[in-house]
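Numbering (this note's numbering), first residue to last: 43 to 203. First the structure, in the form of structure tokens, and then the observations on it.
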């Protein structure tokens, strides 16, 4: 069963985020707390949304997503931040069902895109996404700025000052 997450799911979602970080060999970088997940999903101004996959009452998968915007289309889209299904439940259709729920959300709301990143080494996921008709955007390079570089740029005087 796929459904929108509710406040009772926060602990399970947080646990799945940590499992994903471990799977992606980045557990040491994962510091999110259940309170942060709760605030982001259910606070006064939610900035992220989630669907969960349940199997016999157990949450076995999650799709965490937020809206993006295409300046070319002039329409919102969904950016899938995390998609994770517990290893014991993979191959049973939960990942496909979570993506189908997001595709349905796009179609029902008139969004033109569903997009996400995947690690280059994650060949099982890449194969799965391609089997659904997703196309790799290999011509784009992802950039990220954090920590000292982010602070240094923020502290650079703008030309309008």
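Where a beta carbon is used, it is the ideal one built from N, C-alpha and C, also for glycine. No experiment lies behind these values; they were computed from the predicted model shown.
Asked                                                                                                                                                             : Found
Ends of the alpha helix (DSSP H) at residue 124?                                                                                                                  : Per DSSP, residue 124 belongs to no alpha helix (DSSP H); it is in the beta strand (DSSP E), 117-127.
If we call anything under 7 Å between Cβ atoms a contact, is residue 92 one with residue 54?                                                                      : no
So, under 8 Å CB-CB, residue 145 and residue 161 are touching, yes? Tell me the CB distance rounded to an integer number of Å.                                    : About 22 Å separates the two Cβ atoms, so there is no contact after all.
To the nearest angstrom, report how far apart residue 57 and residue 64 are at their CA atoms.                                                                    : 11 Å
How about the segment 131-140 and the segment 92-106: do they share at least three Cβ pairs that are nearer than 8 Å?                                             : yes
If we ignore side chains and look at the alpha-carbon of each, how far apart do residue 196 and residue 60 end up?                                                : 30 Å
Classify residue 95 as helix, strand or coil using the three-state DSSP reduction.                                                                                : strand
So which of 158, 182 and 183 has the shortest CA-CA distance to residue 172?                                                                                      : 158
What does DSSP give as the partner residue(s) for residue 105 in the beta ladder?                                                                                 : 93 and 125
Assuming residue 90 contacts residue 126 under a Cβ cut-off of 8 Å, what Cβ separation, rounded to an integer in Å, is found between them?                        : With a Cβ gap of about 14 Å, residue 90 and residue 126 do not count as contacting.
Could you pull out every residue in the same chain whose Cβ sits closer than 8 Å to the Cβ of residue 147, ignoring the five residues on either side in sequence? : 120 and 153
Three-state secondary structure (DSSP) at residue 185?                                                                                                            : coil
How is residue 100 classed by DSSP in three states: helix, strand or coil?                                                                                        : strand
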